[in-house]
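Participant:
Residue numbers (this note's numbering): 53 to 210.
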C-alpha cells in the first residue's frame, strides 16, 4: 500500500513536470527542488584538488566541464562555482545565491524542451527566479556566457 502511494506521487510529479496542459508554453514557477541534485554531494567529495590540476575535457559533458570555481574577468570579487547540476554565486568570498541548473539545446525553453548534457543554453533557478544564459565558450580555462535577459556577456577563467 505504501509503495502504491509512492508510485502515485511519482506519477503526479511527472505529469506536473511535463505539464501536459501547458505544452509549447514557457516554463513557469520552476522551483529549486524540481531539479535532480542527487549527485551534488558525491561530486563535491570527489573534487579534491581537481581545480588546480590540468583537466582533460575530451569525453566530458558540459556539466562536467563547468564543474569547479570560475573567477570573473570583469570583477575579481565575483566567483561562480558549479557542482554537477548546481551553481553558487560568491561575492568577496560570501555566497550570495545558489540553485540548480539545467542545460538545453534550444531556446526559448518550454516544458517540452528536453534537457541535454551538452546543451548550450542554461536555466539557473535561484530564490524563485529563473535566469537564462547561452554558453558561448567553454574550455579548460575559459567560460563565456551571455545573460539572455540583458544580452551582456559574462567572462570567467579558472
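Each residue gets a CB set at the ideal place from its N, CA and C atoms; glycine is no exception.
#1: Specify the secondary structure class of residue 194 as computed by DSSP and reduced to three states.
#2: Looking only at C-alpha atoms, which of 179, 139 and 186 sits nearest to residue 119?
#3: On a Cα-Cα basis, can you pick out the residue from 161, 179 and 157 that is closest to residue 113?
#4: Could you round the C-beta distance between residue 211 and residue 149 to whole angstroms and report it? I think they count as a contact, below 8 Å.
#5: Taking only three categories from DSSP, how would you classify residue 129?
#6: What did DSSP end up calling residue 92 once you bin it into helix, strand or coil?
#7: Let me make sure I understand the geometry here. Which of 167, 203 and 190 has the alpha-carbon closest to that of residue 137?
#8: Would you kindly check if the distance between the Cβ of residue 144 and the Cβ of residue 129 is under 9 Å?
#9: Is residue 132 buried or exposed, if buried means 16 or more other CB atoms sit within 10 Å of its CB?
#10: Report the residue from 111, 203, 205 and 210 whose alpha carbon sits nearest the alpha carbon of residue 193.
#11: Roughly how many angstroms lie between the CA atoms of residue 151 and residue 176, to the nearest whole one?
#12: Indicate the three-state DSSP secondary structure (helix, strand or coil) for residue 218 in the structure shown.
#13: By the 10 Å Cβ neighbour count, where 16 or more other Cβ atoms means buried, how is residue 155 classified, buried or exposed?
#14: With C-beta atoms as the reference, is residue 207 less than 9 Å away from residue 195?
#15: So residue 172 and residue 182 are supposed to be a Cβ contact under 8 Å. How far apart are they, rounded?
#16: Pick out whichever of 125, 121, 188 and 201 has its Cα sitting closest to the Cα of residue 170.
Facilitator: Based on what the coordinates show:
#1: If you number the chain shown from 1, residue 194 lands on position 142. Correct three-state label for residue 194: strand.
#2: Numbered from 1 along the chain shown, position 67 holds the residue referred to as residue 119. Comparing Cα positions, the closest option is 139.
#3: Here the question's residue 113 lines up with position 61 in the chain shown. Taking only the C-alpha atoms, the option nearest residue 113 is 157.
#4: Outside the displayed span of the chain (53 to 210) sits residue 211, for which this structure offers no information.
#5: Here residue 129 is taken as the residue at index 77 of the chain shown, counted from 1. Note: residue 129 maps to coil in three-state DSSP.
#6: Within the chain shown, numbered from 1, the residue matching residue 92 stands at position 40. Residue placement at residue 92 cannot be trusted, given a pLDDT of 44 that sits under 50; the coordinates are not used to answer.
#7: For the purposes of this step, residue 137 is taken as residue 85 along the chain shown, with counting starting at 1. Of the candidates 167, 203 and 190, the one whose C-alpha sits nearest the C-alpha of residue 137 is 167.
#8: Position 77 of the chain shown, counted from the start, is the residue given in the question as residue 129. Position 92 of the chain shown, counted from the start, is the residue given in the question as residue 144. A contact, by the Cβ cut-off of 9 Å.
#9: For the purposes of this step, residue 132 is taken as residue 80 along the chain shown, with counting starting at 1. Buried, since its Cβ has 16 or more Cβ neighbours within 10 Å.
#10: What you label residue 193 is simply residue 141 of the chain shown in a count that begins at 1. Closest by alpha carbon: 210.
#11: The sequence position of residue 151 within the chain shown is 99, counting from 1. The sequence position of residue 176 within the chain shown is 124, counting from 1. Distance between the alpha carbons of residue 151 and residue 176 is about 7 Å.
#12: Outside the displayed range of the chain (53 to 210) lies residue 218, so it cannot be described from this structure.
#13: Reading the chain shown from its first residue, position 103 is the one you call residue 155. It counts as buried.
#14: Residue numbering aside, residue 207 sits at position 155 when the chain shown is read from its first letter. Residue numbering aside, residue 195 sits at position 143 when the chain shown is read from its first letter. Their beta carbons are under 9 Å apart, which means residue 207 touches residue 195 by this criterion.
#15: As a position in the chain shown, residue 172 is number 120, starting the count at 1. As a position in the chain shown, residue 182 is number 130, starting the count at 1. Wrong, their Cβ atoms sit about 17 Å apart, outside the cutoff.
#16: Position 118 of the chain shown, counting from 1, holds the residue named residue 170. Selected option, being the one with the closest Cα: 188.
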